[in-house]
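Heads up: the structure comes next, in structure tokens.
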Amino acid sequence: MTGAATTQTFRTAIVPAAGLGTRFLPATKAVPKELLPVVDTPGIELVAAEAAAAGAERLVIVTSPGKEAVVKYFEAQPELEENLKAKGKDELLEKVRRGPALLAVETAIQEQALGLGHAVAQAEPNLTPDDEAVAVLLPDDLVLPTGVLERMSAVRAEHGGSVLCAFDIPKAEISPYGVFDVSDTDDEDVKRVHGMVEKPKPEDAPSTYAAAGRYLLDRAIFDALKRITPGSGGELQLTDAVALLITEGHPVHIVVHRGGRHDLGNPGGFLRAAVDFALETPEYGPSLRAWLTERIGTDRP
Ligand code: UTP
Numbered sequence: 001m002t003g004a005a006t007t008q009t010f011r012t013a014i015v016p017a018a019g020l021g022t023r024f025l026p027a028t029k030a031v032p033k034e035l036l037p038v039v040d041t042p043g044i045e046l047v048a049a050e051a052a053a054a055g056a057e058r059l060v061i062v063t064s065p066g067k068e069a070v071v072k073y074f075e076a077q078p079e080l081e082e083n084l085k086a087k088g089k090d091e092l093l094e095k096v097r098r099g100p101a102l103l104a105v106e107t108a109i110q111e112q113a114l115g116l117g118h119a120v121a122q123a124e125p126n127l128t129p130d131d132e133a134v135a136v137l138l139p140d141d142l143v144l145p146t147g148v149l150e151r152m153s154a155v156r157a158e159h160g161g162s163v164l165c166a167f168d169i170p171k172a173e174i175s176p177y178g179v180f181d182v183s184d185t186d187d188e189d190v191k192r193v194h195g196m197v198e199k200p201k202p203e204d205a206p207s208t209y210a211a212a213g214r215y216l217l218d219r220a221i222f223d224a225l226k227r228i229t230p231g232s233g234g235e236l237q238l239t240d241a242v243a244l245l246i247t248e249g250h251p252v253h254i255v256v257h258r259g260g261r262h263d264l265g266n267p268g269g270f271l272r273a274a275v276d277f278a279l280e281t282p283e284y285g286p287s288l289r290a291w292l293t294e295r296i297g298t299d300r301p
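Residue numbers are given in UniProt numbering: position 15 of the sequence shown equals residue 15, and the series is strictly consecutive.
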């Protein structure tokens, strides 16, 4: 693979954050799920950092009326910063400044949660003529270790078109996912996509490659989004627009990411992520590990 500098194919990343977060009710009555902290940092900052590391310069956050706090999180807080500075709390000051310094943040508004495809479509007016492709990162999907966007960018540089991220999932566990119908390329971890099946039974799954929340989409996706009709639940599905592009001969590939993943969109997945991240911190890791070991060994009702 060549270096990111030579294969940089996008400057703008879109983060859809206008969903209802129903799986996280009642907390999401008042707090957007994208701001729930994994240890101390909201998931949306983690994906913003991932996008910035992959070369994105602008982040378009798609949010909804009532969820403005998601964008506010990326604004500087001069008074708080002065306060921390005066108290010599340099480490906290650095953390507070980290989010706003990552990249330029803009907002697009999705008035109603009409699906992921609809959310992405709301970001089109934010694009510049130079944006031939955009990255889309779902803030409730942590793909670890980070770096898959750089690989996806290299694949677009080589093959053109759009590139999606996939995980290789055991066939028996494939049913909750969108599954790709693929053929091989010269690279074992890069496949050409011919179609996609949502939530198949294991025996009907066309492969073991399941979709993850990272997309590098050719600008043609915005035109395709205007031409699809609402699918399940009356929502405009991003994958339907990708499928339309495939039928029209647009190249779509997946990069198979051999790593881990956390689903921050539901309490169970979120807790795993928080524990996983906390165990890695010098501050909380050792005592959490000791407590968990004791807690698990204790036969409490
Ligand atoms: P999810 O389906 O995981 O989020 O969408 P959700 O709809 O908020 O969650 P539940 O199912 O009600 O619990 C993935 C991402 O896409 C965004 C969400 O905010 C989330 O970050 N999204 C989803 C939108 O921005 N708009 C939509 O209409 C749907």
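Built from N, CA and C at the ideal position, the CB exists for glycine as well.
Note that the structure is a prediction, hence the values are computed from the model and not measured.
*Backbone secondary structure at Asp186 - three-state DSSP*: Here residue 186 refers to the residue found at position 186 when the sequence shown is read from its first residue. Assignment of Asp186 by DSSP, reduced to helix, strand and coil, places it in the coil class.
*Under the three-state reduction of DSSP, which class applies to Arg289: helix, strand or coil?*
Residue 289 sits at position 289 when you count from the first residue of the sequence shown. In this structure, Arg289 counts as helix in the three-state DSSP scheme.
*In whole angstroms, what separates the C-alpha of Pro286 from that of Gly297?*
By 1-based counting over the sequence shown, the position of residue 286 is 286. By 1-based counting over the sequence shown, the position of residue 297 is 297. Distance between the alpha carbons of Pro286 and Gly297: 17 Å.
*Between Ala290 and Leu279, what straight-line distance do the alpha-carbon atoms span, to the nearest angstrom?*
Here residue 290 is taken as the residue at index 290 of the sequence shown, counted from 1. Here residue 279 is taken as the residue at index 279 of the sequence shown, counted from 1. If I take the Cα positions, the gap works out to 10 Å.
*Given Glu132, which residues of its chain have a CB within under 6 Å of its CB, disregarding the five upstream and five downstream residues?*
Reading the sequence shown from its first residue, position 132 is the one you call residue 132. If we look at Glu132 and ignore the five residues flanking it on each side, its Cβ neighbours are Arg219.
_C-alpha distance - Leu164 paired with Lys87, whole-angstrom precision_ = Start at 1 with the first residue of the sequence shown, and residue 164 comes out as number 164. Start at 1 with the first residue of the sequence shown, and residue 87 comes out as number 87. About 46 Å.
*Output the distance between the C-alpha atoms of Arg97 and Ala243, rounded to the nearest integer angstrom.*
Within the sequence shown, the letter at position 97 stands for residue 97. Within the sequence shown, the letter at position 243 stands for residue 243. Roughly 40 Å separates the two Cα atoms.
_Cα-Cα separation, residue 309 to Ala135_ = Limits of the chain in this structure are 1 at one end and 301 at the other, which puts residue 309 out of reach.
_Cβ neighbours of Glu45 in the same chain (closer than 6 Å, five flanking residues each side left out)_ = Walking along the sequence shown from the start, residue 45 turns up at place 45. In the same chain as Glu45, and ignoring 5 residues on each side of it, the C-beta atoms closer than 6 Å to its own belong to Gly99, in chain order.
_Measuring only from the beta carbon, is Phe74 closer than 7 Å to any heavy atom that is part of the ligand UTP?_
One-based indexing of the sequence shown puts residue 74 at position 74. For the ligand UTP, not one heavy atom lies less than 7 Å from the Cβ of Phe74.
*Can you give the Cα-Cα distance for Pro65 and Thr293, rounded to whole angstroms?*
Walking along the sequence shown from the start, residue 65 turns up at place 65. Walking along the sequence shown from the start, residue 293 turns up at place 293. The alpha-carbon separation between Pro65 and Thr293 amounts to approximately 43 Å.
*Does DSSP classify Thr298 as helix, strand or coil?*
In the sequence shown, the residue the question calls residue 298 occupies position 298. Thr298 falls in the coil class under three-state DSSP.
*Who are the Cβ neighbours of Tyr73 in its own chain at under 8 Å, not counting the five residues just before and after it?*
To locate residue 73, count along the sequence shown from 1; it is residue 73. For Tyr73, where only same-chain residues beyond five positions count, the Cβ hits under 8 Å are Leu35, Pro42, Ile44, Glu45, Gly99.
*asked:* Taking the beta carbon of Pro16 as the centre, do at least 16 other beta carbons fall within 10 Å, making it buried, or is it exposed?
replied: Looking up residue 16 in the sequence shown gives position 16. Pro16 is buried by the Cβ-count criterion.
*Answer yes or no: do Leu103 and Leu59 have a C-beta to C-beta separation smaller than 8 Å?*
As a working mapping, residue 103 is identified with position 103 in the sequence shown. As a working mapping, residue 59 is identified with position 59 in the sequence shown. In this structure, Leu103 places its C-beta atom within 8 Å of the C-beta atom of Leu59.
*Is DSSP giving Asp140 helix, strand or coil here?*
Taking the first residue of the sequence shown as position 1, residue 140 is located at position 140. Asp140: coil per DSSP, three-state reduction.
*asked:* Quick check on DSSP: helix, strand or coil for Ala101?
replied: The sequence position of residue 101 within the sequence shown is 101, counting from 1. Looking at Ala101 - three-state DSSP - the assignment turns out to be helix.
*asked:* Among Pro282, Ala274, Arg295, Lys95, whose alpha-carbon lies nearest the alpha-carbon of Pro37?
replied: The count along the sequence shown starts at 1 and reaches residue 37 at position 37. Put simply, of Pro282, Ala274, Arg295, Lys95 the residue whose alpha carbon is nearest the alpha carbon of Pro37 is Ala274.
*Have a look at Ala211 and Leu238 and give me their C-alpha separation to the nearest angstrom.*
Here residue 211 refers to the residue found at position 211 when the sequence shown is read from its first residue. Here residue 238 refers to the residue found at position 238 when the sequence shown is read from its first residue. Cα-Cα distance, rounded: 12 Å.
*Confirm the yes/no value for this check: CB of Leu59, any heavy atom of the ligand UTP, distance under 7 Å.*
Locating residue 59 in the sequence shown gives position 59, counting from the first residue. Checking every heavy atom of the ligand UTP against the Cβ of Leu59, none is found closer than 7 Å.
*asked:* According to DSSP, simplified to helix, strand and coil, what is residue 377?
replied: In the structure displayed, the chain extends from 1 to 301; residue 377 sits before or after that span and is not available.
*Considering only residues of the same chain and omitting the five flanking positions on each side of Gly259, which have a CB-CB separation below 6 Å?*
By one-based count along the sequence shown, residue 259 stands at place 259. Taken in chain order, the residues that qualify are Leu144, Pro145.
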